[in-house]
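Heads up, the thing below is written out as structure tokens.
Residue numbers (the working numbering): 7 to 166.
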């Protein structure tokens, strides 16, 4: 029998960074927080990005086949908070966040982030309530040095 509380406790102990995933399809653009992201291959350079199937951004990635990930620094909890809620409830999340569009994907990248990767989707696994988008890193850049924002440091929880 599955002990629900033990499951939550243990799954929440898996360490996660906190990132902003930027997506774009035509004129439609959005960003959302990501904590289920990890590198999965050196050659080619691949990451897996787990995206909630109920989100509007899930469909944008599915249609466009691209996404960008901005790496936040440990002092950017407020920036991450702007991207937590669905766009349908809060409107344009980039309204007061400086960003530019990536050269390889056109997806929004946060200017004040530590840096970014741009990815093209090369595979998917659609099990459970999230889709795993396998992204090949096709562009990347470093904006500045700093400590990565970690989900655990925010006091927030996602998972379990």
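Each residue gets a CB set at the ideal place from its N, CA and C atoms; glycine is no exception.
Nearest to residue 103 (by Cα), restricted to the options 50, 76, 140: As a position in the chain shown, residue 103 is number 97, starting the count at 1. Minimum Cα distance to residue 103 is reached at 76.
Collapsed DSSP secondary structure at residue 7 in the structure displayed: By 1-based counting over the chain shown, the position of residue 7 is 1. Three-state result, residue 7: coil.
Run of the beta strand (DSSP E) containing residue 62, from where it starts to where it stops: Start at 1 with the first residue of the chain shown, and residue 62 comes out as number 56. Premise fails: residue 62 lies in the alpha helix (DSSP H), 62 to 70, not in any beta strand (DSSP E).
Host beta strand (DSSP E) of residue 31 (start-end): For this step, residue 31 is matched to residue 25 along the chain shown. 25 to 31 is the extent of the beta strand (DSSP E) around residue 31.
Stretch-stretch touch, CB-based, cutoff 8 angstroms, three pairs: the region 81 to 93 with the region 134 to 147: Cβ pair count under 8 angstroms is below three, so no.
Buried/exposed call for residue 3, threshold 16 Cβ in 10 Å: Past the boundaries of the shown model lies residue 3; the chain is included only from 7 to 166, so the question cannot be answered.
C-alpha distance - residue 112 paired with residue 30, whole-angstrom precision: Stepping through the chain shown from its first residue, residue 112 is reached at position 106. Stepping through the chain shown from its first residue, residue 30 is reached at position 24. Whole-angstrom Cα-Cα distance: 7 angstroms.
DSSP three-state assignment for residue 78, whether helix, strand or coil: Along the chain shown, read from residue 1 onward, the residue named residue 78 stands at position 72. Three-state DSSP puts residue 78 in coil, outside helix and strand.
Three-state secondary structure (DSSP) of residue 111: As a working mapping, residue 111 is identified with position 105 in the chain shown. Coil at residue 111, not helix or strand.
Terminal residues of the beta strand (DSSP E) in which residue 126 lies: Start at 1 with the first residue of the chain shown, and residue 126 comes out as number 120. Counting along the chain, the beta strand (DSSP E) containing residue 126 begins and ends at 121 to 131.
Residue 20 classed as buried or exposed, judged by whether at least 16 other C-beta atoms fall within 10 angstroms: Here residue 20 is taken as the residue at index 14 of the chain shown, counted from 1. The residue is exposed, with fewer than 16 neighbouring Cβ atoms inside 10 Å.
For residue 52, three-class secondary structure by DSSP: What you label residue 52 is simply residue 46 of the chain shown in a count that begins at 1. Of the three classes helix, strand and coil, the one that applies to residue 52 here is strand, per DSSP.
Meets three-Cβ-pair contact criterion under 8 angstroms: the region 125 to 133 and the region 152 to 159: At 8 angstroms Cβ cutoff, the stretches do not touch.
Residues bridged to residue 16 [DSSP beta-bridge criterion]: Counting from one through the chain shown, the residue named residue 16 turns up at place 10. DSSP lists no partner for residue 16.
Candidates 116, 126, 56, 15: closest to residue 26 by CA position: Taking the first residue of the chain shown as 1, we reach residue 26 at position 20. Nearest option by C-alpha distance: 116.
Alpha carbon of residue 5 to alpha carbon of residue 67, nearest angstrom: Residue 5 is absent from the model: the chain starts at 7 and stops at 166.
Straight-line Cα distance separating residue 135 from residue 7: The residue you call residue 7 lines up with position 1 of the chain shown. The residue you call residue 135 lines up with position 129 of the chain shown. Straight-line Cα distance between these residues: approximately 22 angstroms.
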